[in-house]
Every structure is written in C-alpha cells, then in structure tokens.
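*Asks:* Residue numbers (the numbering used here): 40 to 650. The beta carbon of each residue, even a glycine, is placed where N, CA and C say it ideally should be. Bear in mind the structure is a predicted one, so any value in this text is a computation, not a measurement.
What follows is the structure, given as structure tokens:
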C-alpha cells in the first residue's frame, strides 16, 4: 500500500495508522538547504526508496510553508521499513524563501535584513530543536559538497537551549502513557546521528563533465573524496565542541565506523522538468501501449521506476539502510569514542503510537507554542552585537552634542550640533540597529535643546533674532513654530536681539542709543517720543502735510496710463520738446518736476506755483 503523507501535528494518526501503532519505529528526519530547482524537496531519494512519489507528488507541485511559523514539517510512515520519515521545509530552502519574499519585503524595509533574517532563523531553529528531540537519524541536505560553517553556531545554540528546556520537555513527556523513564529523564529516546547528503560532488566526479573532459575515475576515487570530506566535517565539529566523546552529552553524534557522507554524481532529471517531460513524451509516442503510470506523465504518477533517471553508483538506500539496521539492533547506536567507547547510551525504538503522541506534544511545546526565550538571543548575534556597540557609542555622541553649548541657541545651531553628533555616532556604530539608535540620538538632542536652551528666534524689524530663551512677547503673542499646548506656560517678557542703534530726534540735535525694535510702534513712535521730550523738540510747531484721504471704501492706486487710446497722445506730448521753457530737446523733457506737479497736483498745485 502506498504510504500516506501527513503534516505535523498529526492528530488523526490513530485512525490512519491504526494497524501499525504498536510497531517499533525508527525516525529519520531531513532538513537543510536546497537549490531552487528542487522546490524545497530534500526527500527525492526517500521517494526512490519507498518506490512512490510521496514528498514530491506532482510535476506542477508548488509547496508552501506556514505563514506564521515560516516552516512546515511533513512526514510519512513506511510499514515495510518500519521507518517514520519527517521532512522539514523552511527558509533554508531557496524556493520557500523566494515565495515568501514579497511577504517579507515590507518588513525588511522597515526593520532591516539582519533583523528579519534573525526571526526567520529563529523559527527554523525551533523546528530543528523539535527534530533533534524526536529523531534517531537526521540527514543534512546541502547543494554543494562542502560544510556550511554557519551550522556550527546553530548547533551550539540548539544544544544550549535543549539543556535549558529539558525540564519542560520531561514534564510534557511524563503526561504521555508508554514513555519510558529514561526518555522522560533525558528528554529524548537517544542521541541522534547526523548524516550529510550533498546534491553535487566535485566537478571532476560528475559524469557529464568527466565524459566531456575524458576523465576516467573509479568508484574508489569518489569514496576517497567522501572519506576526506568526512574527516573534514569531523575535525570542524570536534574542534568547535559540537560533538564530544560521549554522545549523550552532545546535541547529536557521528558514527565512528560507518559512512555518513553521501554525494550525488549525476543530476536528478526531475529537477529540470522540460527535458524530463519531453523524454517522457517521446517514449509515449514510441510505445503508445504503455500506461500513464509506466510513463509517469500524469500529474499524480505512482511508480518511480523512471527509465530516464541515471543509475547512482552509491545507492542511497544502501547508504541509509545500514543506519536503520543498527537502530533496530539490541544496543542501538554506539557512537561513544575514546576511553568512553564502552559506555552504553540510552537508546530505544518506541512504538509508533507513542512516538506520534509524543511528537504532537513536543510540537506544541517547541514549534507552535511560546518560543523558548534564550533561543532568539543565542541566534541573533548580529543584533546583539549591534545593540552592544550602539549603546556604547550613544553616550559619546550625546556628549559631543552637549559640548561647549551656549545658554540659548537657535535651531540652525542645534541642527549643526546634531549633524556633528551623528558623524561621531556613525563612525563607531555598526549593525542593523544603527537607524533606531540614530532616531534615539536625535530625540535626545531635541529634548536637551528644548529643556530651557531653545532661543526665541523672533525676528526684529531689521531681521535680527531675539536672543532670549523661548517666551511670549510683552503683548502676549506666542512664538512661531511651537505647538499650542507647549506654549501656554511660557514666561512673558520683551524681545531683545542684543543689537543697538544710534538714532537722532526729530530735529536732529540730540542722539540716543536705541534697542533693536520688534514692532512698528517701537520703531517709529516710542523712541522718538522719549528722545523728543528730552530734547524739547516735541514742543516745536509742526506742519501737517496733506495726505491722501480716500472718499470711498473701494479705492486703489492710480494708473499712469489708463488706456491704450489716450496713451498714444500723452506719449507724444510727453516726448515733444517744450520750446516755451527755453530748454534743449531731451527725451525726459516732459517729465520735469514742474510739469508733473502741475499735471497731477490739482488746485493745491496751482496755489503753490502761484505763491
């Protein structure tokens, strides 16, 4: 019977897998990074072992992840192998990351790439923590044949959080019937093994490239490369203390005497669907009697015996079966090394029913429940470094702003000092939190400026700003560019720019020093009235010249030329030389003072000319 795919949490396992609930089971989990062509599927060779398409069910399959947890754990149970396969899709898969890019784009513009990536890595690490707590074997998938050293920090963080969460895990497992005491005490039924699966091998060992170059390599050469890669992985994990001599004390173990690296030497033909479908169509045309299942050209094809899939020399089934067989052995995995090799580690293969019930409980605790508090801080090293760096530089930048400040200063001077402080801050601050700390620095400088050091800045009649602290004018007027709520409690005082002028009284006999005026009254009346009283010229006779008094409310300034019709003759008269005045011809003859006065003065002008 074809295995059925399910998703965790698997709440209907008692009905769907009822005949197998008492079977001893080995759990194999797959996670890691995958290329875009694989569409987040890292279990293609698992489908080959099962001889059915389970995890990649269609040529148009476009899987997605949970938008809340940003990952998805799917699984299937093989009754023939007695193995429960779990497959993690998440942000480490290129296809899933590309699909979620539009959803994450706005958040990245707001918070920055490093902050958003830390959240994605945190969600993925929670799912990994669950897999390391419920698996016998974990397979790390990677596109290229090299160890990604970013896993080192991730594994160490998971190991730290695993130890801190062990009491909570033990409490959750103790509520499940059928869980052994060792499982409850340790928080897991064994220390899992980690295997490494690489989608490609070095170029010299790829069949297509080797055939073009005429290179003839043997199976032993590829095996030697695999062993060298195993030694490199072991050395890195050992020196970084991810693995130790006692596997129980580590997050996982590596088999000491079995192969744990597998490399593909030939590409998967189903990665590029166009030639795959063309070849299938050609076979169907050549032999139309073949069924759809035999040619795999249906969307839900069943069998995996693809005639176009090249034969892999190192069969993945043989590679994986040796670890499955050892897991079912009486002693389980014996991965201790050195002087601790004789120690027996806790190991068990629980029944499928108990295993799935425990998986649902741990999934609620680690994946869908409240996040483990220390995990995010352990993974978010970039943000923690940025916070430590920026918090150390912020007081230095604030002190730079406050250095040699006058008692009161203008907004222009304030912005100049803020720019200087930002330059000092930007020289030493680093990381994704720089923008938020810049806003904090600007607010701190603004608060310092407005706490009694803000200058009034009201301009005088001559354009000089008031140098007093922010206040209301003596007439009760409020300063500009200040919110109404914060202006009501300001003190009332006269404006002063600190500039003084020397001016004379009306008769010009006495001079006096005067303040820079801030109103028309102070500029044209008050000073001259006081100085006139001192001089006595305010008692002199004054001649009041006639001024224009409008007789109607609808008045406007007169126009020199009222219309086009009469303007021509006026121009001629204005430019015609007046021979009676005995003057020489001139272009401006008609604009003489006497002529203009007579033309525009009216009766008063005639009287003045007559006198």
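Please report the distance separating the alpha-carbon of residue 335 from that of residue 325.
*Replies:* In this prediction, residue 335 has a pLDDT of 45, which is less than 50 and means its spatial position is unreliable; nothing more can be read from the coordinates.
*Asks:* Bridge partners of residue 68, per DSSP?
*Replies:* In the DSSP output, where bridge partners are listed per residue, residue 68 has 125, 177.
*Asks:* Any C-beta of chain B sitting closer than 8 Å to the C-beta of residue 261?
*Replies:* Considering every chain present, this structure includes no chain B. It has just one protein chain.
*Asks:* Start and end of the beta strand (DSSP E) containing residue 110?
*Replies:* Note, residue 110: beta strand (DSSP E), 110 to 117.
*Asks:* For residue 439, tell me which candidate among 278, 46, 286, 457 has the shortest Cα-Cα distance.
*Replies:* Closest option to residue 439, Cα to Cα, is 457.
*Asks:* How long is the line joining the alpha carbons of residue 281 and residue 442, rounded to whole angstroms?
*Replies:* Whole-angstrom Cα-Cα distance: 50 Å.
*Asks:* For residue 83, which three-state DSSP category applies?
*Replies:* If DSSP states are grouped into helix, strand and coil, residue 83 belongs with the helices.
*Asks:* For residue 235, which option in 81, 219, 47, 110 has the closest C-alpha, if you only look at C-alpha atoms?
*Replies:* Checked all of 81, 219, 47, 110; the closest Cα to residue 235 is 81.
*Asks:* If you run the structure through DSSP and keep just helix, strand and coil, what is residue 460?
*Replies:* Helix at residue 460.
*Asks:* For residue 218, I'd like the list of residues in its chain whose CB is within less than 8 Å of its CB, leaving aside the five on either flank, ordered along the chain.
*Replies:* These residues qualify, in order along the chain: 212, 389, 393, 397.
*Asks:* For the alpha helix (DSSP H) holding residue 486, just list the boundary residues, first then last.
*Replies:* Segment 473 to 489, the alpha helix (DSSP H) holding residue 486.
*Asks:* On the three-pair Cβ rule with 8 Å, is the region 132 to 149 touching the region 400 to 415?
*Replies:* Short answer: they don't touch.
*Asks:* Please list the terminal residues of the continuous alpha helix (DSSP H) segment that includes residue 205.
*Replies:* Element bounds for residue 205: 189 to 213.
*Asks:* Given residue 429, which residues of its chain have a CB within under 6 Å of its CB, disregarding the five upstream and five downstream residues?
*Replies:* Contacts found: 468, 472, 476.
*Asks:* What residue range does the alpha helix (DSSP H) around residue 392 cover?
*Replies:* 391 to 405 is the span of the alpha helix (DSSP H), which, as asked, contains residue 392.
*Asks:* Measuring only the C-alpha atoms, how far is residue 106 from residue 319?
*Replies:* Approximately 36 Å between the Cα atoms of the pair.
*Asks:* What are the start and end residues of the beta strand (DSSP E) that includes residue 554?
*Replies:* Where residue 554 is concerned, the enclosing beta strand (DSSP E) stretches over 550 to 554.
*Asks:* Thinking just about the alpha-carbon of each residue, which of 70, 459, 303, 528 is nearest to the one in residue 358?
*Replies:* Per the Cα distances, 303.
*Asks:* So, is residue 370 buried or exposed, given that buried needs 16 or more other C-beta atoms within 10 angstroms?
*Replies:* Result: exposed.
*Asks:* Per the DSSP calculation, residue 235 is bridged to which residue(s)?
*Replies:* According to DSSP, which records beta bridges pairwise, residue 235 is partnered with 179, 300.
*Asks:* To the nearest angstrom, report how far apart residue 278 and residue 444 are at their CA atoms.
*Replies:* If you take the alpha carbons of residue 278 and residue 444, they lie about 55 Å apart.
*Asks:* What residues in its chain sit with their C-beta under 6 Å from that of residue 196, if we drop five residues either side in the sequence?
*Replies:* 417, 418.
*Asks:* Between which two residues does the beta strand (DSSP E) holding residue 59 run?
*Replies:* No beta strand (DSSP E) holds residue 59; DSSP gives it neither H nor E.
*Asks:* Would you call the region 557 to 565 and the region 580 to 593 in contact, with 3 or more CB pairs under 8 Å?
*Replies:* The region 557 to 565 vs the region 580 to 593: no contact.
*Asks:* Given this structure, state the Cα-to-Cα distance separating residue 152 from residue 95, to the nearest angstrom.
*Replies:* Roughly 31 Å separates the two Cα atoms.
*Asks:* Whole angstroms are fine: how far does the CA of residue 451 sit from the CA of residue 465?
*Replies:* Approximately 21 Å between the Cα atoms of the pair.
*Asks:* Looking only at C-alpha atoms, which of 175, 556, 74 sits nearest to residue 363?
*Replies:* Closest by alpha carbon: 175.
*Asks:* What whole-angstrom Cβ distance do residue 226 and residue 208 have, given they're in contact under 8 Å?
*Replies:* Confirmed, about 4 Å.
*Asks:* Give me, in chain order, the residues of the same chain whose beta-carbon lies closer than 6 Å to that of residue 283; leave out the 5 immediate sequence neighbours on both sides.
*Replies:* Excluding positions up to five away in sequence, the list reads 289.
*Asks:* If you follow the alpha helix (DSSP H) that residue 543 is part of, which residue opens it and which one closes it?
*Replies:* First-last for residue 543: 539 to 543, but that is the beta strand (DSSP E), not the alpha helix (DSSP H).
*Asks:* In chain order, what residues of the same chain have a beta carbon less than 7 Å from the beta carbon of residue 621, not counting five sequence neighbours either side?
*Replies:* A caution first: residue 621 carries a pLDDT of 42, below 50, which makes its placement in the model unreliable, though a value can still be read off. The answer is none, since no qualifying residue turns up.
*Asks:* If contacts are defined as beta-carbon pairs under 8 Å, then residue 565 and residue 503 qualify, I think. What distance do you get, rounded to the angstrom?
*Replies:* Not confirmed; about 18 Å, so no contact.
*Asks:* Between the Cα of residue 463 and those of 434, 453, 490, spot the shortest distance and give me the residue it belongs to.
*Replies:* Residue 463 has its Cα closest to that of 434, out of 434, 453, 490.
*Asks:* Go ahead and label residue 547 buried or exposed: buried means 16 or more other beta carbons lie within 10 angstroms of its beta carbon, across all protein chains shown.
*Replies:* So residue 547 ends up on the exposed side.
*Asks:* Can you tell me whether DSSP reads residue 357 as helix, strand or coil?
*Replies:* Of the three classes helix, strand and coil, the one that applies to residue 357 here is helix, per DSSP.
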